[in-house]
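Trainee: Next up is a structure, given as structure tokens.
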Amino acid sequence: ATFNDPRLDALVAEADGANPSLSAAFARLDAAQASARAANAGRLPSISAGGDVSRTERNAGGSNSFGADLSASWEVDVWGRLSDRARAGVSDAEASRADLDGARLSLAAQVAKAWFILLEARLQTELAERDVEAKERSLSFIERRFSAGVSRSSDVRTFRSALASSRSTLALRQRAEASAARSLEILLGRYPSNAIEHDYDLPDLGPLTGVGDPADLLVRRPDILAAEARLNSAGYRASEARRALLPRLSLTGTTGSGGTQIEDLLDPDTLVSNLIGSLTAPIFSGGALRAERDRSEAAARAQLHTYVNTVLLAWREAEDAIFSDALLAERVAAQTEAFEQAAAAEELVDRQYRSGLATIFELLDAQSRRNSAESLLYSARRERATNRVDIYLAIGGDFLSANAAQE
137 ATFNDPRLDA LVAEADGANP SLSAAFARLD AAQASARAAN AGRLPSISAG GDVSRTERNA
197 GGSNSFGADL SASWEVDVWG RLSDRARAGV SDAEASRADL DGARLSLAAQ VAKAWFILLE
257 ARLQTELAER DVEAKERSLS FIERRFSAGV SRSSDVRTFR SALASSRSTL ALRQRAEASA
317 ARSLEILLGR YPSNAIEHDY DLPDLGPLTG VGDPADLLVR RPDILAAEAR LNSAGYRASE
377 ARRALLPRLS LTGTTGSGGT QIEDLLDPDT LVSNLIGSLT APIFSGGALR AERDRSEAAA
437 RAQLHTYVNT VLLAWREAED AIFSDALLAE RVAAQTEAFE QAAAAEELVD RQYRSGLATI
497 FELLDAQSRR NSAESLLYSA RRERATNRVD IYLAIGGDFL SANAAQE
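Here the sequence shown is numbered in this note's numbering, starting from 137 and rising by one per residue.
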């Protein structure tokens with residue numbers, strides 16, 4: 137299910153490439169991937185090379201001495217401790233990737249909501265402008281009747297007060313529209329200049345389709361995938377801490393050569409090599425290793441509860457949003473009927489007032505009811521659109537148009 141709004145697709149794409157918060161998420165992913173590579177490096181041999189040169193002075197003359205050596209060390213991963221560390225790093229990187237996906241989805245949702253808020257703000261401003269224009273026309277008619285001795289001065293003053301209130305409302309609506317535009321521009325990484333084009337209508341939404349089974353959230357929502365990856369990482373780190381209590385087997389090898397001439401370094405006769413294997417086991421460390429084991433195991437248990445809570449919250453968010461969609465559709469339908477009836481009543485009362493069959497207060501009340509009903513209709517349509525965004529966000533789905541998704 138999508139909004140099929142090319143303008144919204146373009147705004148989301150713009151934010152995806154320019155939003156500072158999203159750029160920070162990309163940087164965090166790069167850092168996590170680098171940490172994963174560093175953790176995996178511990179499973180490989182470490183090789184280093186060195187060289188030295190010295191000169192000895194004697195009465196009979198001096199001599200040079202040259203030396204070179206190559207050394208390698210490797211901890212044999214007998215118990216899988218280093219593998220656990222490497223897997224934990226990979227899981228951390230996977231969590232950062234899921235965080236990035238979640239940040240992109242969240243940003244797209246924020247842009248969509250800000251867009252719909254801006255569209256509603258424009259409609260509310262236009263409604264206030266029409267209300268001011270309608271009251272100006274009515275006031276002109278009332279003033280002509282007053283000049284002709286048909287209307288009372290109180291009618292003129294009452295309508296002038298109503299017109300001033302409508303102009304005040306218009307100023308508030310214009311301010312809200314400008315603020316909504318600037319909020320969207322910030323999400324797009326633009327300077328907040330209130331210059332974004334938004335001469336569009338709110339979407340007309342059809343029935344909700346394609347949401348699937350809420351159980352599918354486990355493989356779709358980025359926050360659940362991130363929590364699962366962090367749970368795996370915590371488990372690997374707990375295993376690493378337990379295996380740190382076991383003996384370690386290390387192999388160290390060196391080879392080197394020396395002589396009084398540089399070319400002696402390449403002479404096989406001067407080559408000396410050795411290989412040493414060592415087995416070390418922790419005996420006393422003040423309880424640090426056992427404390428680290430207990431800490432990492434507790435952290436793994438905490439991460440398990442965090443994962444369960446994340447899943448439960450995801451299910452609740454999905455069910456709430458899906459349930460609300462039908463109710464909001466009913467609200468839009470009811471508010472549409474309320475607006476149509478209020479508009480018809482206003483037209484009727486206006487004719488009656490011009491014929492002297494209705495009072496000025498009945499006319500103002502009819503205009504106020506129609507204006508309020510239309511304003512509430514715009515709000516209901518915007519609320520349903522933003523709830524539809526919440527649905528797609530809750531199920532980890534895409535709410536761009538089909539064409540944009542294919543691109």
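Beta carbons: idealized from backbone N, C-alpha and C, even for Gly.
Mind checking which residues open and close the alpha helix (DSSP H) that includes residue 252?
Mentor: 217-283
Trainee: With three or more C-beta pairs closer than 8 Å as the rule, is the segment 471-490 touching the segment 453-460?
Mentor: no
Trainee: Who are the Cβ neighbours of residue 168 in its own chain at under 6 Å, not counting the five residues just before and after it?
Mentor: If the five residues before and after residue 168 are omitted, its C-beta is found closer than 6 Å to the C-beta atoms of 228, 229 and 232, all from its own chain and listed in chain order.
Trainee: Is the segment 498-515 in contact with the segment 429-441, if contact means three or more CB pairs nearer than 8 Å?
Mentor: With contact defined as three or more Cβ pairs closer than 8 Å, the segment 498-515 and the segment 429-441 are not in contact.
Trainee: Counting C-beta neighbours from all protein chains within 10 Å, is the total for residue 295 16 or more, i.e. buried, or is it exposed?
Mentor: buried
Trainee: Pair every Cβ in the segment 347-365 with every Cβ in the segment 269-281, then say whether three or more of these pairs are closer than 8 Å.
Mentor: Three or more beta-carbon pairs separated by less than 8 Å are not found between the segment 347-365 and the segment 269-281, which leaves the two stretches without contact.
Trainee: Measure the beta-carbon distance from residue 257 to residue 312 and round it to whole angstroms, keeping in mind my assumption that it falls under 8 Å.
Mentor: 5 Å
Trainee: Apply the 10 Å Cβ neighbour rule to residue 480 and answer buried if 16 or more other Cβ atoms are within range, or exposed otherwise.
Mentor: Classification of residue 480: exposed, given that the 10 Å Cβ count is below 16.
Trainee: Who does residue 341 pair with in a DSSP beta bridge?
Mentor: Per DSSP, none; premise fails for residue 341.
Trainee: Restricting to Cα atoms, I'd like to know which of 387, 172 and 173 is closest to residue 207.
Mentor: 387
Trainee: Can you grab the Cα-Cα spacing for the pair residue 343 / residue 504, in whole Å?
Mentor: 32 Å
Trainee: Give the single residue among 245, 248 and 303 whose Cα lies nearest to the Cα of residue 262.
Mentor: 303
Trainee: Measure how close the beta-carbons of residue 478 and residue 506 come, nearest whole angstrom, since I'm counting them as under 8 Å.
Mentor: Indeed, because the Cβ distance is near 4 Å, the residues count as touching under 8 Å.
Trainee: Grab me the residues of residue 226's own chain with a C-beta within less than 6 Å of its C-beta, minus the 5 sequence neighbours each way, in chain order.
Mentor: 172
Trainee: Quick one: any contact between the segment 146-157 and the segment 239-255, if contact means 3 or more CB pairs under 8 Å?
Mentor: yes
Trainee: With 16 other CB atoms within 10 Å as the buried threshold, where does residue 358 fall?
Mentor: By the Cβ neighbour-count rule, residue 358 is buried, with 16 or more other Cβ atoms within 10 Å of its own.
Trainee: Going by alpha carbons, who is nearest to residue 146 out of 422, 217, 248 and 223?
Mentor: 248
Trainee: Does the beta-carbon distance from residue 518 to residue 468 come in below 7 Å?
Mentor: no
Trainee: For residue 520, which of helix, strand or coil comes out of DSSP?
Mentor: helix
Trainee: At the level of alpha carbons, what is the spacing between residue 457 and residue 428?
Mentor: 43 Å
Trainee: Hey, out of 220, 526 and 465, whose CA is closest to residue 341's CA?
Mentor: Across the set 220, 526 and 465, the C-alpha of 465 shows the shortest separation from the C-alpha of residue 341.
Trainee: Rounded to the nearest angstrom, what separates residue 497 and residue 471 at their Cα positions?
Mentor: 24 Å
Trainee: With residue 449 as the anchor, note down where its alpha helix (DSSP H) starts and where it stops.
Mentor: 424-490
Trainee: Take the Cβ of residue 368 as the centre, count every other Cβ of all protein chains shown within 10 Å, and call the residue buried at 16 or more, exposed below.
Mentor: By the neighbour-count definition (other C-beta atoms within 10 Å, threshold 16), residue 368 is a buried residue.
Trainee: If I follow the unbroken alpha helix (DSSP H) through residue 292, where does it start and stop?
Mentor: 289-323
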